Ligand code: B12
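Numbering (my numbering), first residue to last: 1 to 221.
This is the structure:
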């Protein structure tokens with residue numbers, strides 16, 4: 001089997017919740033030099049398929065839990081390679097968290113890993129974070145970018161509330177800290193609805209947005 005076939009097999013294993021096979025193949029692909037971020041992206045495709053099976057009642061909640069565990073274990077396998085990639089020197093500070101009412105954190109954690117790889121300092125507030133906690137952290141950490149993660153529909157209302165609270169607190173003479181919302185269920189419409197500046201369904205895209213924001217800040221200095 002060539003690399004493409006092996007990567008497709010990995011997506012299948014994750015989709016079918018075949019833990020041992022998925023872990024063993026992920027380990028092999030990494031040893032054979034596959035980029036860890038590409039591997040993570042492939043696993044996301046499997047996770048998406050798991051979600052589809054859950055939505056069509058082929059899987060139950062236990063399937064989502066199992067998929068989450070498999071993904072986390074694969075993330076652990078990628079850690080040594082991710083650490084080697086970390087760029088020295090801070091690129092900027094990103095405040096990150098999964099918004100109130102939502103406990104999905106796999107994507108948020110993947111986004112944090114990718115950002116750290118590219119030199120960003122990430123302040124991670126965890127999951128189910130109330131708007132007031134974000135506000136407090138913005139005042140303390142003075143981030144360059146705020147990243148809100150959320151996957152369930154309920155999260156969109158929390159994102160909106162959080163952004164409204166942060167905007168209301170920002171001094172009129174200062175530019176508001178840009179907000180990126182991230183998560184597989186997001187789109188342009190949700191981004192507009194919640195009042196965010198940017199949205200993404202991809203951690204590397206998130207890194208590029210943060211880099212562009214920092215470039216913009218530097219060019220104004
Ligand atoms: C695993 C999983 C779970 C696990 C989560 C474990 C964990 N620790 O996170 C558990 C079992 C806990 C769970 C619970 C539930 N889940 Co769930 N879950 C999933 C599943 C299968 C995968 C999510 C995932 O981890 N994907 C992989 C990651 C890597 O992808 P990602 O999150 O999109 O993140 C990437 C990018 O979006 C981006 N990113 C993410 N955040 C951010 C933030 C920033 C700032 C940036 C820059 C980038 C970024 O970077 C990541 C890497 O590229 C999805 C299906 C799907 N389509 O994704 C359903 C899914 C999200 N769940 C769903 C549901 C309904 C639920 C429950 C309500 C089920 C229930 N009846 O209890 C609960 C909700 C609990 C709650 N209050 O939050 C629905 C949501 C539907 C909706 N629109 O509301 C989905 C879509 C399944 C479906 N198709 O029905 N779930």
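We put the beta carbon where it would ideally sit given N, CA and C, even for glycine. This structure is a prediction, so every number in the text was calculated from the model and none was measured.
query = Given a threshold of 16 other Cβ atoms within 10 Å of its Cβ, counted over all protein chains shown, does residue 35 qualify as buried or as exposed?
reply = Taking the first residue of the chain shown as position 1, residue 35 is located at position 35. So residue 35 ends up on the exposed side.
key: Identity of the residue in 114, 100 and 62 nearest residue 79 by Cα   = Mapped onto the chain shown, residue 79 falls at position 79. Ranking the options by Cα distance to residue 79, first place goes to 114.
task = Taking only runs that begin and end inside the region 53-126, name each unbroken beta strand (DSSP E) of 3 or more residues, in chain order.
result = 92-98 and 120-124
task = Mind reading off the beta-carbon distance from residue 200 to residue 182? Whole number of angstroms is fine, and I expect it under 8 angstroms.
result = Along the chain shown, read from residue 1 onward, the residue named residue 200 stands at position 200. Along the chain shown, read from residue 1 onward, the residue named residue 182 stands at position 182. With 8 angstroms as the limit, residue 200 and residue 182 qualify as a contact, their Cβ atoms being about 5 angstroms apart.
request  = Tell me whether the beta-carbon of residue 138 lies closer than 7 angstroms to the beta-carbon of residue 178.
outcome  = Residue mapping note: residue 138 aligns to position 138 of the chain shown, counting from 1. Residue mapping note: residue 178 aligns to position 178 of the chain shown, counting from 1. No, the pair does not count as a contact, with Cβ atoms beyond the cut-off.
Same chain, Cβ closer than 7 angstroms to residue 85, neighbours up to 5 away in sequence not counted = Translated into positions along the chain shown, residue 85 becomes position 85. Here the set comprises 117.
query = With distances taken from CA atoms, which of 175, 140 and 131 is nearest residue 216?
reply = Looking up residue 216 in the chain shown gives position 216. Checked all of 175, 140 and 131; the closest Cα to residue 216 is 175.
inquiry  = Counting C-beta neighbours from all protein chains within 10 Å, is the total for residue 143 16 or more, i.e. buried, or is it exposed?
reply    = Taking the first residue of the chain shown as 1, we reach residue 143 at position 143. So residue 143 counts as buried.
Sequence-distant residues of the same chain with beta carbon closer than 6 angstroms to residue 203, five excluded per side = Position 203 of the chain shown, counted from the start, is the residue given in the question as residue 203. So the qualifying residues of the chain are 110, 111 and 114.
DSSP-derived helix/strand/coil call for residue 148 = The residue you call residue 148 lines up with position 148 of the chain shown. DSSP places residue 148 in strand when its eight states are reduced to three.
As assigned by DSSP and simplified to three states, the class of residue 182 = As a first step, residue 182 is located in the chain shown; it is residue number 182 there, counting from the start. It is a strand residue.
task = May I ask whether a heavy atom of ligand 1 can be found less than 6 angstroms away from the beta carbon of residue 206?
result = What you label residue 206 is simply residue 206 of the chain shown in a count that begins at 1. Yes, the beta carbon of residue 206 sits closer than 6 angstroms to at least one heavy atom of ligand 1.
ask   = With which residues is residue 129 paired in a DSSP beta bridge?
value = As a first step, residue 129 must be located in the chain shown, where it is residue number 129. Note: residue 129 sits in a beta bridge opposite 99.
query = Quick one: does the C-beta of residue 202 sit closer than 6 angstroms to a heavy atom of ligand 1?
reply = For the purposes of this step, residue 202 is taken as residue 202 along the chain shown, with counting starting at 1. Residue 202: yes, Cβ under 6 angstroms from ligand 1.
inquiry  = Could you check whether residue 96 and residue 27 sit closer than 7 angstroms to each other, using their CB atoms as the reference points?
reply    = By one-based count along the chain shown, residue 27 stands at place 27. By one-based count along the chain shown, residue 96 stands at place 96. No, Cβ-Cβ distance for residue 27 and residue 96 is not below 7 angstroms.
query = From which residue to which residue does the alpha helix (DSSP H) around residue 162 run?
reply = The residue labelled residue 162 in the question sits at position 162 within the chain shown. Taken as a continuous stretch (DSSP letters only), the alpha helix (DSSP H) holding residue 162 covers 153-169.
query = Comparing the CB of residue 163 with every heavy atom of ligand 1, is any distance shorter than 6 angstroms?
reply = On the chain shown, position 163 is the one that residue 163 refers to. Flag unset: Cβ of residue 163 not near ligand 1.
ask   = Can the beta-carbon of residue 122 be found closer than 7 angstroms to that of residue 103?
value = Your numbering for residue 122 matches position 122 in the chain shown. Your numbering for residue 103 matches position 103 in the chain shown. No, Cβ-Cβ distance for residue 122 and residue 103 is not below 7 angstroms.
ask   = Leaving out five residues before and five after residue 186 in sequence, what residues of the same chain have Cβ atoms less than 7 angstroms from its Cβ?
value = In the chain shown, residue 186 corresponds to position 186, counting from 1. Hits under 7 angstroms: 199 and 201.
query = Pick from 157, 156 and 47: whose alpha carbon is nearest that of residue 69?
reply = As a working mapping, residue 69 is identified with position 69 in the chain shown. Selected option, being the one with the closest Cα: 47.
request  = Please find out if some non-hydrogen atom of ligand 2 comes closer than 6 angstroms to the beta-carbon of residue 120.
outcome  = Looking at this structure, you won't find ligand 2 anywhere; what it does contain is ligand 1.
task = Mind checking who residue 198 pairs with in its DSSP beta bridge?
result = Taking the first residue of the chain shown as 1, we reach residue 198 at position 198. Looking at the DSSP assignment, residue 198 forms a beta bridge with 180.
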